[in-house]
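Residue numbers (this note's numbering): 3 to 198. See structure below.
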Ligand SMILES: C[S@@+](CC[C@H](N)C(=O)[O-])C[C@H]1O[C@@H](n2cnc3c(N)ncnc32)[C@H](O)[C@@H]1O
């Protein structure tokens with residue numbers, strides 16, 4: 003797993019994220035938005051953790067979702083790109099491991115393409131910031147299909163469930179995450195509800 007500093011540097015240095023990834027048919031954010039949308043209500047307050055260039059927000063708005071959408075990311079340059087999409091209420095530089103919001107302050111907390119990199123423990127923060135009864139939607143991606151990030155994530159989810167903090171609604175196998183076969187990755191989306 004990479005450190006937050008190296009991830010920030012890596013994503014701050016990446017010039018054409020949208021062109022490159024969407025060019026390879028990267029569909030993780032669009033599927034995350036589509037599959038999470040039925041669990042959301044209009045007018046809610048939602049947090050997008052590791053929002054990057056703002057693809058999840060863009061697709062949620064395309065689906066017609068209306069409400070307050072806050073995006074956070076380590077990389078300021080990604081946030082500047084997300085701003086251009088004009089779909090976030092607010093964009094804030096922050097680490098997924100220390101989200102700068104009061105506990106239980108969001109109706110839903112979403113994260114696409116981040117926890118396989120940042121590590122599964124960031125899920126604890128996402129749950130902490132979700133209101134009781136709220137929704138947590140997080141993807142985990144495994145590079146080279148080796149399954150390590152996913153296995154770690156599953157362990158964290160089962161511990162959290164054991165502590166009765168949330169229950170698992172659905173799990174989606176998102177396949178390779180790309181319509182091109184360029185990347186040998188495997189993505190899963192977990193949609194959970196925080197216990198009331
Ligand atoms: C693969 S991109 C995903 C971006 C976007 N959510 C998407 O699906 O296109 C990963 C993003 O996570 C951010 N990131 C990585 N570790 C993070 C952390 N600890 N806290 C906040 N953001 C982080 C990176 O800066 C990058 O923008």
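Backbone N, C-alpha and C fix where the C-beta goes; we use that ideal spot for every residue, glycine too.
Discussion item. Checking 7 angstroms against the spacing of the C-beta atoms, do residue 110 and residue 136 come in under that value?
Written reply: The answer is yes: Cβ separation under 7 angstroms.
Discussion item. Using a Cβ-Cβ cutoff of less than 6 angstroms, which residues in the same chain neighbour residue 101 once the five nearest sequence positions on both sides are dropped?
Written reply: 127 and 131.
Discussion item. Checking the sheet assignment: what are the DSSP bridge partners for residue 14?
Written reply: Paired residues: none, contrary to the question.
Practice prompt. Would you kindly report the start and end of the unbroken beta strand (DSSP E) that includes residue 113?
Written response: Per DSSP, residue 113 belongs to the beta strand (DSSP E) from 108-113.
Practice prompt. Could you tell me if residue 12 is buried or exposed, where buried requires 16 or more neighbouring beta carbons within 10 angstroms of its beta carbon?
Written response: Under a 10 Å Cβ-count criterion, residue 12 is classified as exposed, with fewer than 16 other Cβ atoms of the shown protein chains found around its own Cβ.
Discussion item. Looking at the secondary structure, which residues open and close the beta strand (DSSP E) in which residue 19 lies?
Written reply: Counting along the chain, no beta strand (DSSP E) covers residue 19; the unbroken alpha helix (DSSP H) around it starts and ends at 19-25.
Practice prompt. Label residue 22 either buried or exposed according to how many other C-beta atoms from any shown protein chain fall within 10 Å of its C-beta, with 16 as the threshold for buried.
Written response: Exposed: under 16 other Cβ atoms inside 10 Å.
Fill in: Paired residues, beta bridge with residue 47 - DSSP
Residue 47 is bridged to 70.
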